[in-house]
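Numbering (our numbering), first residue to last: 15 to 185.
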């Protein structure tokens, strides 16, 4: 009986952590949108300012991916706590219906939505920066850093997708 109570408290605590991580993920998305709006808004009129955003977007992508991975790991552990006899079952139910989504495009929407936002805002930032490009050493350095940041963002999104697909299929 004591073990069952402990498992239920652990389950509740970890579910609360998953909810908190979902909130953090949303805050990272809102922060990225706000930051891109401010920097790109001022960057339209200021040379090199929009080149500042892609490295920041890469850092936010890393935070998003780490947070998402940890939430997935907690979800897997919670699934292991669930069994036929317990009344805890949301994770098992979710895993059962997860593959039956009517929105099938080859990418989990939870990866595609924030991932596309990181990529598109970064591409917009580079495009605005190129419209003011002045061939200085600073401009070239920032452009190279931005391209590397964009590649890093794309790689992080691909890794996040693989992690989600691996969890679902076990391959």
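Backbone N, C-alpha and C define an ideal beta-carbon position, used for all residues, glycine too.
Rounded to whole angstroms, the Cβ separation of residue 142 and residue 54 is 6 angstroms, and the two are in contact under 8 angstroms.
For residue 81, the enclosing alpha helix (DSSP H) begins and ends at 67 to 95. In this structure, DSSP gives residue 150 a state outside helix and strand, which the three-state scheme calls coil.
Here the alpha carbons of residue 36 and residue 152 stand approximately 38 angstroms from one another. Between the stretch 84 to 92 and the stretch 158 to 173 there are fewer than three inter-stretch CB-CB distances shorter than 8 angstroms, so the stretches are not counted as touching. Taking all protein chains in view, the Cβ of residue 67 is crowded by 16 or more other Cβ atoms within 10 Å, so the residue is classified as buried.
Contact between residue 76 and residue 46 does not hold, since the beta-carbon distance rounds to 12 angstroms and is not under 8 angstroms. In this structure, 64 is the residue among 28, 59 and 64 with its C-alpha nearest to the C-alpha of residue 137. Here residue 62 carries a coil assignment [DSSP, helix/strand/coil].
For residue 92, the closest alpha carbon among the candidates 29, 173 and 168 is that of 29. When the Cα atoms are used, residue 56 and residue 149 turn out to be separated by approximately 20 angstroms.
By the Cβ-count criterion, residue 139 is buried, with 16 or more other Cβ atoms from all chains shown falling within 10 Å of its own Cβ.
Remark: C-beta atoms of residue 171 and residue 125 approach each other more closely than 8 angstroms. One thing to note: residue 43 has its Cβ within 8 angstroms of the Cβ of residue 128. By the C-beta density criterion, residue 78 is buried, having at least 16 other C-beta atoms within 10 angstroms.
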